[in-house]
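Have a look at the structure below before the remarks.
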Amino acid sequence: MNLAHLANHLGMSKTTVSRALNGYPEVNVRTRERVLKAAKEVGYQPNPMARSLALGRTNVFGIIYPLLPTDLGDPMFLDVVAGMSAALEEVNKNLIIAPVSPAAEQPAYQQIVRGRRVDGLVVGRTLVRDERIAFLSKVKFPFVAHGRTELNAPYAWFDYDNEAGIRIAMERLLGLGHQRVALISAPLDLNFARQRKDSFVAVLSAAGLNADPRYLIDNTLDRRSGYQAMQQLLGCSPRPTAVIVDNHLSGVGAVRALLDAGVEIGKDISVIVWGSMADTLAGAHVTTIDQPSPRKAGARMVEMLLALADGAPASDLHELWQPVLLEGTTVGPA
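full-length UniProt numbering puts the first residue of the sequence shown at 1, with every later residue one more than the last.
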């Protein structure tokens, strides 16, 4: 039973039947109910390709991602993506991930938007000044930013509270008497890294302490750079008594460097890492700033994206979730 047969069965035009099935408001309620009832009785199933063409929808949502080799082994990233995918599957839609090189990222956005290859996008690893978000906002293409950026226009975003997470960690360390605290950061053009560093410096200042430039190391976003950053801190005199690592990928390398140096973590140097370390070789007992429910976070971003695709204003779609401190064995008194 195709659309033409259903229309003949009802004695209506294909246009009227199609509009009734797709919920167009110009079709009156009685006609719509009659069409839906007949479709159910005869087992009519719409052709998904034809329906997509009629509605101007692909039923596909996407992530254009400058994928790093470490991302494929990153359980946090994979959990978020799994949450997105499951949420879309529930409404018979699909998720695609388009890996690109950093140089090809902006052209890829332009190409996929102009070709209308997806119904909406999730923008990850947001930058302090993000050309991708500026472009999507300008052309009014549905998107949700996974993170925030500096933009003088409303846009939909989902994020964890970077300022609050670092403040919680710093208050824990300061409460234990630590004054020489170091921060290992991701590249500071990433918005989360900038917000976390700003919070770190602000909490130190409020405690009457100055941030030692030797203890501020950035541009670390993988195990190797985290390892090297911790080695650099171990070479300082005096050493920091505590270290915060603002991303778990670098955290694995940082913890490994301490173990290789024979440092007793939690006694000689305290360590707090942002992000789950449970599935890493660094061990499950690292004190962490945790981003709860990554799968639910992915599903929530999909809900926001579907709302945008249906015409909801971006200014109404902002979500800020709170991180929590999970105690481990890597923090002790100064």
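Ideal Cβ placement from N, Cα and C applies to all residues, glycine included.
Check: Could you check where the alpha helix (DSSP H) with P294 kicks off and where it finishes?; Outcome: 294–309
Check: Beta carbon of N59, beta carbon of N28: below 8 angstroms?; Outcome: no
Check: Compare the C-alpha of L36 against each of A278, L21, R256, P25 and name the closest.; Outcome: L21
Check: For H146, which residues of its own chain have a beta-carbon under 8 angstroms away from its beta-carbon, when the five flanking residues on both sides are left out?; Outcome: V80, V122, V123, G124, R125, T126, W157, F158, D159, M301
Check: Do I184 and A257 come within 8 angstroms of each other at the CB atom, strictly closer than that value?; Outcome: no
Check: Got a sec, what are the start and stop residues for the beta strand (DSSP E) A134 sits in?; Outcome: No beta strand (DSSP E) holds A134; the alpha helix (DSSP H) holding it covers 131–138.
Check: Considering only the alpha carbon of each residue, which of D268, H285, H318, E41 lies closest to G251?; Outcome: H285
Check: Going by Cα to Cα distance, which pick from A103, G253, G11 is closest to L221?; Outcome: G253
Check: Name, in chain order, the residues that DSSP records as bridge partners for I112.; Outcome: DSSP lists no partner for I112.
Check: If contacts are defined as beta-carbon pairs under 8 angstroms, then P240 and A182 qualify, I think. What distance do you get, rounded to the angstrom?; Outcome: 4 angstroms
Check: Which two residues bound the contiguous alpha helix (DSSP H) that contains T16?; Outcome: 14–21
Check: Can you grab the Cα-Cα spacing for the pair K138 / V113, in whole Å?; Outcome: 12 angstroms
Check: Inspect the beta-carbon positions of V243 and W274 and report whether they are closer than 8 angstroms.; Outcome: no
Check: Per DSSP, A156 is paired with what?; Outcome: V144
Check: Count the other C-beta atoms from every protein chain shown that fall within 10 angstroms of the C-beta of D74, then say buried if there are 16 or more, exposed otherwise.; Outcome: buried
Check: Can you tell which of I97, V91, R132, I96 has the C-alpha that lies nearest to the C-alpha of P107?; Outcome: R132
Check: Could you compute how far the alpha carbon of A193 sits from the alpha carbon of A314?; Outcome: 24 angstroms
Check: Would you mind reading off the limits of the alpha helix (DSSP H) that contains D290?; Outcome: Looking at the DSSP string, D290 is not in any alpha helix (DSSP H); the run it does join, the beta strand (DSSP E), is 287–290.
Check: When you compare only the Cα positions, how much space is there between A186 and R196?; Outcome: 10 angstroms
Check: Out of R180, R172, H9, L68, which one is the CA nearest neighbour of R223?; Outcome: L68
Check: Starting from the Cα of G298, find the closest Cα among G311, I168, V144 and give me that residue.; Outcome: V144
Check: Please confirm whether L165 and I289 have their CB atoms less than 8 angstroms apart.; Outcome: The question names Leu, but residue 165 in the sequence shown is Gly. Cβ atoms of G165 and I289: closer than 8 angstroms.
Check: Taking only the alpha-carbon atoms, compute the straight-line gap between M12 and L78 and give it to the nearest angstrom.; Outcome: 48 angstroms
Check: Around the Cβ of T15, are there at least 16 other Cβ atoms within 10 angstroms (buried) or fewer (exposed)?; Outcome: exposed
Check: Please list the segments of the beta strand (DSSP E) lying wholly inside the stretch 225–261, counting only runs of 3 or more residues, in order along the chain.; Outcome: 242–245
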